[in-house]
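In full-length UniProt numbering, the protein residues as written are 1 to 495.
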């Protein structure tokens, strides 16, 4: 839901790679984002009472289908967080403006108190178009690729039966950073060594699986194109280990009032969880004075509720380190690396399309140890922020408990944090770059600057998996931009 555009690092650092990283292509990305904001966005400014920065007119207002609003209502704790950032010397800014470092409430995709996404904004209004057919309860098993190495269509299941769909022009894969590489590899497009090993593994286990394989007619995976599919998975790694108490308690309303607020498109039931505001900062490792390399996310009350902790699927001993506080008066600060240096992989578990892929996130694994050092630096910035007058006025206090697995280190020392970071760091739900875009497949790129799969005709990929380098913000907005880019490409290609 977070709509954030930050593109300076992509333009400045990406240009060194040539091809899709050239200044011309990245300028097209930037221009498309701006024009896309006019085409896709309908920005709604809060009322004067809700306005975060009175002199800020916000992003340009468009007449598009995608609604963008500032996150409201704003909790008192969020206001304290923004004030504390000012006291640390950070500007109050517009995340989608030219100044990328600073603090702000989030801009989110919401309309009349309800979440908006690509389906509700761009598909639902056009379901009756004669040239659009949406098939639910379907599952794509494989891309059909002919001897000329061109995509002809797909094999899919619909309500338990298998079908073939023939493409009149081309096949476009939009399954996301996990499933897009899985589908490509199932179709014979991927790392040759992995696919060959996978076929050998299949043969070794065929006796055990013979009944299932015969039923599903699975026969292994011939290599059609050797590409580094699924080899460069990235995400914004997020540290969840900072929980605080305060003397501010969020007001509690009756159930009837909560329902009334929701029906009027207002109140806490219309929030993006409890995530209202954030700041983008620099650690000591960032050399460019205009680049943020860390996101400090503020979560107000209920951020350590049992329901949210269950979603992290941690061991009990790990969850205990940040739980057990008064939910009405507590808050959490999560820390997300923006310029991630660690890369993971997506690999096939088997040749069955119905098996989940193997995902190795490889968190905090970069050879130089930059990711863990940046996160440690961000922890220190956050603890310094809690010492500002703004947080002292509400008696903010660190409530995170010593992690049992790190008991040999003194609590809050650098050695302790380095240990705790490896237990309490997860993903920010922004997987990307597993089919990354670039000019030379020999250097690990999967699609070219027009999103076409290298070496395969009539096949494109258009989702977060093609993002070539780590972005400096949430990937929601850039995914819309990728869709707009491909739409322009297709119109020009088949005009």
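For each residue, glycine too, the CB sits at the ideal point set by N, CA and C.
Residue i classed as buried or exposed, judged by whether at least 16 other C-beta atoms fall within 10 angstroms
{"i": "residue 338", "result": "buried"}
{"i": "residue 464", "result": "buried"}
{"i": "residue 478", "result": "buried"}
{"i": "residue 512", "result": "Nothing can be reported for residue 512, as the shown portion of the chain is limited to 1 through 495."}
{"i": "residue 136", "result": "exposed"}
{"i": "residue 396", "result": "buried"}
{"i": "residue 300", "result": "buried"}
{"i": "residue 158", "result": "exposed"}
{"i": "residue 298", "result": "buried"}
{"i": "residue 160", "result": "exposed"}
{"i": "residue 283", "result": "buried"}
{"i": "residue 153", "result": "buried"}
{"i": "residue 399", "result": "buried"}
{"i": "residue 328", "result": "exposed"}
{"i": "residue 25", "result": "Note that residue 25 scores a pLDDT of 45, beneath 50, so its modelled location is shaky; the value from the coordinates is reported in the next line. Flag for residue 25 reads buried."}
{"i": "residue 494", "result": "exposed"}
{"i": "residue 348", "result": "buried"}
{"i": "residue 411", "result": "exposed"}
{"i": "residue 100", "result": "buried"}
{"i": "residue 436", "result": "buried"}
{"i": "residue 458", "result": "buried"}
{"i": "residue 485", "result": "buried"}
{"i": "residue 415", "result": "exposed"}
{"i": "residue 377", "result": "buried"}
{"i": "residue 481", "result": "buried"}
{"i": "residue 252", "result": "exposed"}
{"i": "residue 313", "result": "exposed"}
{"i": "residue 218", "result": "Low per-residue confidence applies at residue 218: pLDDT is 44, beneath 50, and the placement is therefore not dependable, though the value from the model is reported in the following sentence. So residue 218 ends up on the buried side."}
{"i": "residue 49", "result": "For residue 49, the pLDDT reaches just 34, beneath the cut-off of 50, and the residue's location in the model is therefore unreliable, leaving the point undetermined."}
Nearest neighbour of residue i, chosen from the options [CA to CA]
{"i": "residue 5", "options": "94, 79, 88, 78", "result": "94"}
{"i": "residue 85", "options": "326, 441, 381", "result": "381"}
{"i": "residue 76", "options": "105, 157, 97", "result": "105"}
{"i": "residue 72", "options": "415, 396, 326, 271", "result": "271"}
{"i": "residue 356", "options": "375, 179, 160, 87", "result": "179"}
{"i": "residue 335", "options": "251, 308, 296, 192", "result": "296"}
{"i": "residue 439", "options": "429, 455, 428, 346", "result": "455"}
{"i": "residue 83", "options": "387, 65, 145, 408", "result": "387"}
{"i": "residue 350", "options": "175, 196, 452, 150", "result": "196"}
{"i": "residue 359", "options": "394, 285, 177, 151", "result": "177"}
{"i": "residue 449", "options": "434, 442, 467, 432", "result": "467"}
{"i": "residue 181", "options": "434, 278, 484", "result": "434"}
{"i": "residue 66", "options": "473, 115, 88", "result": "115"}
{"i": "residue 505", "options": "392, 70, 432, 482", "result": "This structure leaves residue 505 out entirely; the chain is present only between 1 and 495."}
{"i": "residue 473", "options": "292, 361, 265", "result": "292"}
{"i": "residue 97", "options": "3, 268, 428", "result": "3"}
{"i": "residue 318", "options": "287, 405, 324", "result": "405"}
{"i": "residue 132", "options": "78, 173, 123", "result": "123"}
Host alpha helix (DSSP H) of residue i (start-end)
{"i": "residue 411", "result": "No alpha helix (DSSP H) contains residue 411, which DSSP labels as neither H nor E."}
{"i": "residue 85", "result": "76-87"}
{"i": "residue 313", "result": "First-last for residue 313: undefined, no H or E at that position."}
{"i": "residue 121", "result": "Run containing residue 121: none; DSSP gives neither H nor E here."}
{"i": "residue 483", "result": "476-493"}
{"i": "residue 161", "result": "Here residue 161 belongs to no alpha helix (DSSP H); instead the beta strand (DSSP E) covers 161-166."}
{"i": "residue 371", "result": "370-386"}
Residue i beta carbon near the ligand GTP (any heavy atom closer than 7 angstroms)
{"i": "residue 194", "result": "Because no ligand of any kind appears in the structure shown, any question about the ligand GTP cannot be addressed here."}
Start-to-end residues for the beta strand (DSSP E) that takes in residue i
{"i": "residue 392", "result": "Looking at the DSSP string, residue 392 is not in any beta strand (DSSP E); the run it does join, the alpha helix (DSSP H), is 389-392."}
{"i": "residue 257", "result": "Segment 255-263 is the alpha helix (DSSP H) holding residue 257; no beta strand (DSSP E) there."}
{"i": "residue 154", "result": "151-158"}
{"i": "residue 178", "result": "It is not in any beta strand (DSSP E) - residue 178 instead sits in the alpha helix (DSSP H) that spans 176-186."}
{"i": "residue 142", "result": "138-145"}
{"i": "residue 238", "result": "237-239"}
{"i": "residue 291", "result": "Residue 291 -> no beta strand (DSSP E), and no H or E assigned at all."}
{"i": "residue 68", "result": "66-70"}
{"i": "residue 336", "result": "330-337"}
{"i": "residue 97", "result": "Note, residue 97: premise wrong, no beta strand (DSSP E); not H, not E."}
Counterpart residues of residue i in DSSP-defined beta bridges
{"i": "residue 499", "result": "Past the edges of the chain, shown from 1 to 495, lies residue 499, and the structure says nothing about it."}
{"i": "residue 126", "result": "Answer by DSSP bridge pairing: none, since residue 126 is not bridged."}
{"i": "residue 105", "result": "277"}
{"i": "residue 228", "result": "According to DSSP, residue 228 bridges with nothing at all."}
{"i": "residue 461", "result": "173"}
{"i": "residue 189", "result": "225"}
{"i": "residue 453", "result": "447"}
{"i": "residue 297", "result": "278, 334"}
{"i": "residue 430", "result": "According to DSSP, residue 430 bridges with nothing at all."}
{"i": "residue 425", "result": "239"}
For the region 227-245 against the region 418-430, are there 3 or more C-beta pairs whose distance is under 8 angstroms? Verdict: yes, contact present.
Check whether the region 327-343 and the region 360-376 touch, using three or more Cβ-Cβ pairs below 8 angstroms as the test. yes
Pairing CB atoms from the region 181-195 with CB atoms from the region 227-234, are three or more of them under 8 angstroms? Enough Cβ pairs lie closer than 8 angstroms, so yes.
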